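The next block holds one structure in the form of structure tokens; read it before the comments.
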Amino acid sequence: MTAAPDRDAFAAALQPEAAGLDSRRVAWRALLAVAAGAYADLALERELRRLPLSPPDRALATELCFGAIRQRRRLDAWLDQLGKVPAERQPPKLRWLLHLGLYQLLATERVPASAAVSTTVELAKRDGLARLAPVVNGVLRAFLRRRSAAASSPLPLPAEPVAALGLRHSLPNWLAADLLQWLPPEGAEAFGVAANLPPSLDLRVNRLQASREAVLAAFAAAGVAAEPLVDQAWGLTLHGRCGDLRALPGYAEGHWCVQDRSAQRIAPLLEPLPGERLLDACAAPGGKSTHLAELMADQGVVLAVDRSAGRLRRVGVNAERLGLASIQQHETDAAELASELPAESFDRILVDAPCSGLGTLARHADARWRITPAAIDDLVVLQRRLLEGMVPLLKPGGRLVYATCTVHPRENGELVTAFLAGHPSWSQRSELQLWPTPGGGDGFYAAVLQAPG
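Take a look at the structure:
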């Protein structure tokens, strides 16, 4: 487990004596893999295994890769402005190399312009694009000339609000249009800003193993910058250089786990009690299953269900490290679980449903380019099926929390409203919608439902 790239390590990688080609080469290869269909995090990890880097260079490669993917639309718009050939008609290797160079010039003043240009041109010469190295040099220097001559934003924005929002924050037009329907203009802008910032690195202290004060003291003694989360009694956030999280104080002892501050608000909505039987219907990788076990003092049963054996193993690994014995694992399709277990098997049920993940765009660089309205249509069908499958399993008067990490109403409030219309004896006790904001946590939704009886 490795932390998100921290700013200290990123800055260190930019020093002349540390800044070389390898970090850029790793990022470029990962960009090519993502363009061919690979997931960004897996593609980058694969390239980092092929070409191991020092921590500072690893941080730089990570920032360049994920940043260029997030900013794909803006970078393509720049290529359309600067090049003789539109971005989508560029040879893929050239297009993504130019993205890499432009991102360094656009996104941070900590990369000297000369270093951004020279390393990008050198990569072209060494890695199969020697004939096009003058093109790379010309495009990047044309950008620098345009930027120095511009009085304000050097990239013209469309007059139409949807296209302007999408280009300014590198979002697909369909999402920009939806945001402007759901939110006032300033809210849509805040969403766009948050979607392009490095995500926070938040931890949840295991209340059965340690106190938050003790964990903070151990971090301070190790020189790790951390502070408590104001709205989460057992949460804290890390700052600066973190490195490999497994090497931090308390990890091996199970004193804490990684969990975003917004995600930490979901399990408590279930209000579990010691001795109860709980179901976590879509459990992997186990953050909410372990949170439920901690909340019920590890007394009772948390049945963690997932259809992926590999992902389910992660639940067991996390539970063992945290010293939790109440979590049982079951590999199956949660929507079909009612055919495998007796009716009314659980006191409380958590459905953390598969979703579009629109609340976590900062955390998943390529998600905005993968999700489509058609994909959301398919997800809504799956989410309804999951929720309906829970009805026979909940005891009379039991509580069910339906949660997602998206902000799309069709996957959230509209779906819950339709469910309640089909089950008029059920009731909704509360609802929570968290939007991603700059400096805040991920976007999440949760509805607390109660069965009759």
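Per this note's numbering, the sequence shown starts with residue 646, numbered consecutively.
We put the CB at the ideal spot given by N, CA and C, even for glycine.
From a predicted model like this one, the values you see are computed outputs, not experimental measurements.
Across the structure, Glu981 and Gly1034 are spaced so that their CA atoms are roughly 7 Å apart. In the three-state DSSP reduction, Trp901 falls in the strand class (E or B). Per DSSP, Pro701 is one residue of the alpha helix (DSSP H) stretching across Pro700 to Arg715.
Taking Ile994 as reference, the option from Pro913, Val1052, Leu1027 and Asp943 with the minimal CA-CA separation is Pro913.
In chain order, Leu677 and Ala680 place their CB closer than 7 Å to the CB of Pro737, counting only its own chain and leaving out the 5 sequence neighbours on each side. Of the residues Gly665, Gln973 and Ala1012, the one whose Cα lies closest to the Cα of Gly961 is Gln973.
No residue range can be given for Arg891, since it is assigned to no alpha helix (DSSP H) and is classified by DSSP as neither H nor E. Glu872 is bridged by DSSP to Thr882.
In the structure shown, Pro930 falls within a coil segment according to DSSP collapsed to helix, strand and coil. Residue environment analysis places Thr1051 among the buried positions, since at least 16 neighbouring C-beta atoms fall within 10 angstroms of its C-beta. Between Ile714 and the set Arg740, Asp725 and Pro701, the nearest pair of CA atoms involves Arg740. In terms of Cβ geometry, Thr935 and Leu967 form a close pair [threshold 7 Å]. About 7 Å separates the beta carbons of Pro1041 and Glu989, which is inside the 8 Å limit, making them a contact pair. The Cβ-Cβ distance between Val807 and Leu785 does not fall below 7 Å.
Residue nearest to Asn1057 within the set Arg1029, Ser1072 and Arg792 is Arg1029 (criterion: CA-CA distance). According to DSSP, Glu976 shares a beta bridge with Asp951. DSSP, reduced to helix, strand and coil, places Arg790 within a helical segment of the structure shown. Secondary structure of Leu923 (DSSP, three-state): strand.
Measuring C-alpha to C-alpha distances from Ala778 to each of Tyr748, Leu742 and Ala758 identifies Leu742 as the nearest.
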